[in-house]
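These protein sequences, in sequence, are chains L and U.
At position 39 of the first sequence (counting the first as 1) the number is 39 in the numbering used here, and the numbers step up by one without a gap.
At position 29 of the second sequence (counting the first as 1) the number is 29 in the numbering used here, and the numbers step up by one without a gap.
Where a beta carbon is used, it is the ideal one built from N, C-alpha and C, also for glycine.
Bear in mind the structure is a predicted one, so any value in this text is a computation, not a measurement.
Shown next, in structure tokens, is the structure this report addresses.
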Amino acid sequence: MKTDPAGVLTGAHYLDGDFACGEGAMAAGCRFTAGYPITPSTEVVERIGRRFPMMGGTFIQMEDELASMAAVVGASWTGTKSLTVTSGPGFSLMMENIGLGAMMETPLVVVNVQRGGPSTGLPTMTGQADMMQARWGSHGDYELIALSPQSPQEAFDLMIDAFNLAEIYRVPVMFMMDECVGHMTEKVVIPPADEIDIVPRKLTDKPPGEFLPYSSDGGLVPEFARAGDGYRFHTTGLTHDERGYPVMSADCQEQNVRRLVDKIKKNADKIVRFEEEDTDGADVVLVTYGITARVARMGIDFARKKGVKVGVIRLIVCWPFPEKRIRELAPKIKAFVVPEINLGQMVLEVERCAGGQAAAVLVGHAGGGVHDPKDICDAILRAAK
Amino acid sequence: MSTTTITETDIAARKHPVAPYLRMDRMPHIWCPTCGIGTVMKCYAQALEETGINMDKAAIVSGIGCTGRVAGYMNLDAFHSTHGRAIPFATGLKLGRPELMVTVFSGDGDLSGIGGNHFIHAARRNMDLLVILVNNFIYGMTGGQNAPTTPLTAKSSTMPYGNFEEPFNLPHLAASCGAPYVARWTCLHIRRLTKSFKEAIDRKGFRFIEVIAPCSTLYARLNKLGTGFNLMQYYHDNAEIRHGVDTREVSIGFQDRIICGKFVDEERPTFLDNMQTHYTKTLGDKFMPMSPEGGLIHE
């Protein structure tokens, strides 16, 4: 369906990535946001807090990130699209209730404007070191979706996709910005509401007596009933059966958790998204995401001038990872080069998928700034030898 | 004295008056014999019945622990959330669909220990939640560890020589943060407790009711206090009803008197009232509140 025009600020704007991200959420139909201030993400909720009262949305500044995340899971159960926004330390605090969101199969979006870590780290400076935490941060087995924008325009555009994916698969979606994209100001074009497609909450048609909250009818994603519609359902973070009732058994665990994992894994081809450039006949393929994808452009140009055939895979959806494509490319190339503002995270996934058929070379950066494009170029040249 | 023999078939055939309010397909419950939580749940169910509120618009949220299982037994939209986070979860639920009547039903460890920060902030905001806290002075589910409510000198599995930490005086904590309705009862006071629940259901804002309940399996055993029956007897002999008393005076010592009653009952604008008033004043016609039915966008 087309989105609610109340949240759409149609026009050409000059916005930073944080504001663009907030505009994307509102355009996607988000009407509840709970957050706790943390640099460099706060501008997202400042934008939302200013505009929500004019579009039927509610923003609440909670007492901490534990509360913000719990409130977002709660609000989503009313059918209201819900968002929270944070950075590293807050992301750590949210992990338990991200797991609750995954277990209860709650559509929601978590924005992480990444800064340098660990711990308090570099609050005002950039990082990309929460990529593995986004995937594995809560305990137990589950799958979720993570996206990474490279510009304010993409922060807007991908936010709409993030909310839509959350609805389609009933999962928490991680929106992995970085401080550079968050604080970079560029032109952002917001289309009219009738050009923005959103996925509404898929409410069940079944009458209350016949509805089972976790029956997926042979599919992988159950239908939803929202609180207050007379279904009187039960949901829990405990392992549960189709009724949403706790069942403490290995059999129920197998069914429950297997489906949580399968609904993403088996749909990975539909969810995975990346930009691919010049990989045909490439010697080296750069795998990159977020701000680093833009910084790498100069390094790629240098290397191409020196005669190296460089291909690029830019991750738009980071989780699930484009495993199939990396496997296909691995036997055809010499190496993957993975620049990222951490000391080796997504490169591990590249290495795993390359399966020893091509090298996976990290160009690491501990955070606090972006790469020197020369370092990326040098890594490409070395890998091409 | 005549005795009545009740067979299992009799029980099944006879429908309990509060059965429609419970998930009878989940019985028997997990609570120990002589645990007080079932009594509190029954009083709540009866209060729902007597107030006649629309059950389709009532939701219940629990955290983790023995009392955390209450949400799972109530025939409402029910959420068994994470440890300590029932209040913020319920806050999202209420703000996401303001027409809902949202109850938080959880234990002392959940709401005042791990979730203590959320408790004081929800009271400060006067969030529109009915918060029922069952206080059995101990962490029951995990095996009798010390709680923020364990009375001084009482023994717990982690304070085997007796507790030396000052416990919370929960009604005072709630009142000092601005809760407009604060009451305390014990499991023995079932009529007064039910009345208090009814009253609180009909009020708005952060309504806090503490219910002292026996844990015979752990608290009574570790402290050699006998059975659940003996604890009820203790309530009978030591509970003192003092409505409107200054909440500074209601802390509970080990096997000491338990002051019960309605301590605070005043009108105070809720979070949503304040939001409505403030945005109407500052934004005028531009203010568009969330619909009572919530922010669901549909075709």
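Outcome for residue i when other beta-carbon atoms lying within 10 angstroms are tallied against a minimum of 16
{"i": "Gln114(L)", "result": "buried"}
{"i": "Ser2(U)", "result": "In this prediction, Ser2(U) has a pLDDT of 49, which is less than 50 and means its spatial position is unreliable; what the coordinates show is noted afterwards. Result: exposed."}
{"i": "Ala123(U)", "result": "buried"}
{"i": "Arg97(U)", "result": "buried"}
{"i": "Ala13(U)", "result": "Summary for Ala13(U): the model assigns pLDDT 43, below 50, so the residue's position carries little reliability; its value from the coordinates is reported in the next sentence. Exposed, since its Cβ has fewer than 16 Cβ neighbours within 10 Å."}
{"i": "Glu143(L)", "result": "buried"}
{"i": "Asp256(U)", "result": "exposed"}
{"i": "Glu254(L)", "result": "exposed"}
{"i": "Asp229(L)", "result": "buried"}
{"i": "Lys385(L)", "result": "exposed"}
{"i": "Met55(L)", "result": "buried"}
{"i": "Ser119(L)", "result": "exposed"}
{"i": "Lys155(U)", "result": "buried"}
{"i": "His183(L)", "result": "buried"}
{"i": "Thr149(U)", "result": "buried"}
{"i": "Lys57(U)", "result": "buried"}
{"i": "Gln357(L)", "result": "exposed"}
{"i": "Arg184(U)", "result": "buried"}
{"i": "Ala67(L)", "result": "buried"}
{"i": "Arg191(U)", "result": "exposed"}
{"i": "Glu275(L)", "result": "exposed"}
{"i": "Ser249(L)", "result": "exposed"}
{"i": "Glu240(U)", "result": "exposed"}
{"i": "Trp136(L)", "result": "exposed"}
Residue i versus the options, residue with shortest Cα-Cα distance
{"i": "Leu381(L)", "options": "Gly355(L), Val310(L) and Asp197(L)", "result": "Val310(L)"}
{"i": "Ile60(L)", "options": "Gly36(U), Val40(U), Leu93(U) and Thr39(U)", "result": "Leu93(U)"}
{"i": "Asn342(L)", "options": "Gly11(L), Cys30(L) and Asp130(L)", "result": "Asp130(L)"}
{"i": "Thr86(L)", "options": "Ile48(L), Ser41(L) and Gly56(L)", "result": "Ser41(L)"}
{"i": "Ser81(U)", "options": "Ala179(U), Val61(U) and Gly107(U)", "result": "Val61(U)"}
{"i": "Glu99(U)", "options": "Met288(U), Asp285(U) and Leu272(U)", "result": "Leu272(U)"}
{"i": "Pro89(L)", "options": "Leu122(L), Pro149(L), Ile376(L) and Arg297(L)", "result": "Leu122(L)"}
{"i": "Phe19(L)", "options": "Ala34(L), Phe32(L) and Arg51(L)", "result": "Arg51(L)"}
{"i": "Asp280(L)", "options": "Asp378(L), Thr292(L), Glu328(L) and Arg243(L)", "result": "Glu328(L)"}
{"i": "Thr39(L)", "options": "Val111(L), Val257(L), Val73(L) and Arg325(L)", "result": "Val111(L)"}
Same chain, Cβ closer than 6 Å to residue i, neighbours up to 5 away in sequence not counted
{"i": "Ala146(L)", "result": "Ala134, Met174, Met176, Cys318 and Trp319"}
{"i": "Arg207(U)", "result": "Leu130, Tyr181 and Ala200"}
{"i": "Arg203(U)", "result": "Tyr181"}
{"i": "Gly140(U)", "result": "Cys66, Cys215 and Leu218"}
{"i": "Ala335(L)", "result": "Val284, Ala358, Ala359, Val361 and Ala383"}
{"i": "Asp194(L)", "result": "Lys2"}
Cβ neighbours of residue i in the same chain (closer than 8 Å, five flanking residues each side left out)
{"i": "Ile196(L)", "result": "Lys2, Thr3, Val8, Ala27, Ala28 and Ile160"}
{"i": "Gly178(U)", "result": "Ala123, Arg124, Asn126, Phe206 and Arg268"}
{"i": "Gly99(L)", "result": "Ser138, His139, Gly140, Tyr142 and Gly237"}
{"i": "Asp157(L)", "result": "Gly24 and Pro149"}
Residue i: contacting residues in chain U (beta-carbon distance under 7 Å)
{"i": "Asn256(L)", "result": "The premise fails here: Asn256(L) is roughly 14 Å from chain U at the closest Cβ pair, so nothing lies under 7 Å."}
{"i": "Val72(L)", "result": "Gly92"}
{"i": "Leu100(L)", "result": "Ser81 and Thr82"}
Listed by chain order, chain U residues near residue i by CB distance under 8 Å
{"i": "Thr292(L)", "result": "Under the 8 Å cutoff, chain U gives no residues; its nearest Cβ is about 34 Å from Thr292(L)."}
Counterpart residues of residue i in DSSP-defined beta bridges
{"i": "Tyr139(U)", "result": "Gln145(U)"}
{"i": "Ala34(L)", "result": "Ile60(L)"}
{"i": "Cys260(U)", "result": "Ile241(U)"}
{"i": "Asn112(L)", "result": "Thr86(L) and Met176(L)"}
{"i": "Glu293(U)", "result": "None, per the DSSP bridge assignment."}
{"i": "Met22(U)", "result": "Per the sequence presented here, residue 22(U) reads as Leu, with Met not at that position. Paired residue(s): Met74(U)."}
{"i": "Phe211(L)", "result": "Phe211(L) pairs with nothing; no bridge assigned."}
{"i": "Phe208(U)", "result": "Val131(U) and Val182(U)"}
{"i": "Tyr14(L)", "result": "Lys187(L)"}
Residues that residue i contacts on chain U, provided the C-beta gap is smaller than 9 Å
{"i": "Tyr417(L)", "result": "As shown, chain L starts at 1 and ends at 385. That puts residue 417(L) outside it, with no answer to give."}
{"i": "Arg231(L)", "result": "Note that residue 231(L) is Tyr in the sequence shown, not Arg. Near Tyr231(L) (Cβ distances below 9 Å), the residues of chain U are Asp56 and Asp77."}
{"i": "Asn97(L)", "result": "Ser81, Thr82, Arg85, Pro88 and Phe89"}
{"i": "Asp4(L)", "result": "Ile297"}
{"i": "Ala166(L)", "result": "The contacting residues do not exist; Ala166(L) stays about 13 Å from chain U at best."}
Contacts that residue i makes with chain L (C-beta to C-beta distance below 8 Å)
{"i": "Pro291(U)", "result": "The question names Pro, but residue 291(U) is Ser in the sequence shown. Within 8 Å Cβ-Cβ: Gly56."}
{"i": "His121(U)", "result": "Met62, Glu63 and Ala67"}
{"i": "Lys286(U)", "result": "Pro53 and Met54"}
Chain-order list of residues whose beta-carbon lies under 7 Å from that of residue i (same chain, five-residue window excluded)
{"i": "His243(U)", "result": "Gly261 and Lys262"}
{"i": "Ser216(L)", "result": "Pro222 and Arg259"}
{"i": "Thr204(L)", "result": "Phe211, Glu223, Phe224 and Ala225"}
{"i": "Asn223(U)", "result": "Ala154 and Lys155"}
Contact list for residue i against chain L, beta-carbon separation under 7 Å
{"i": "Asn274(U)", "result": "The contacting residues do not exist; Asn274(U) stays about 12 Å from chain L at best."}
{"i": "Leu100(U)", "result": "Ala227 and Gly228"}
Residue i: contacting residues in chain L (beta-carbon distance under 9 Å)
{"i": "Thr270(U)", "result": "Ordered by position in chain L, no residue passes the 9 Å Cβ test against Thr270(U), which lies about 13 Å from the chain."}
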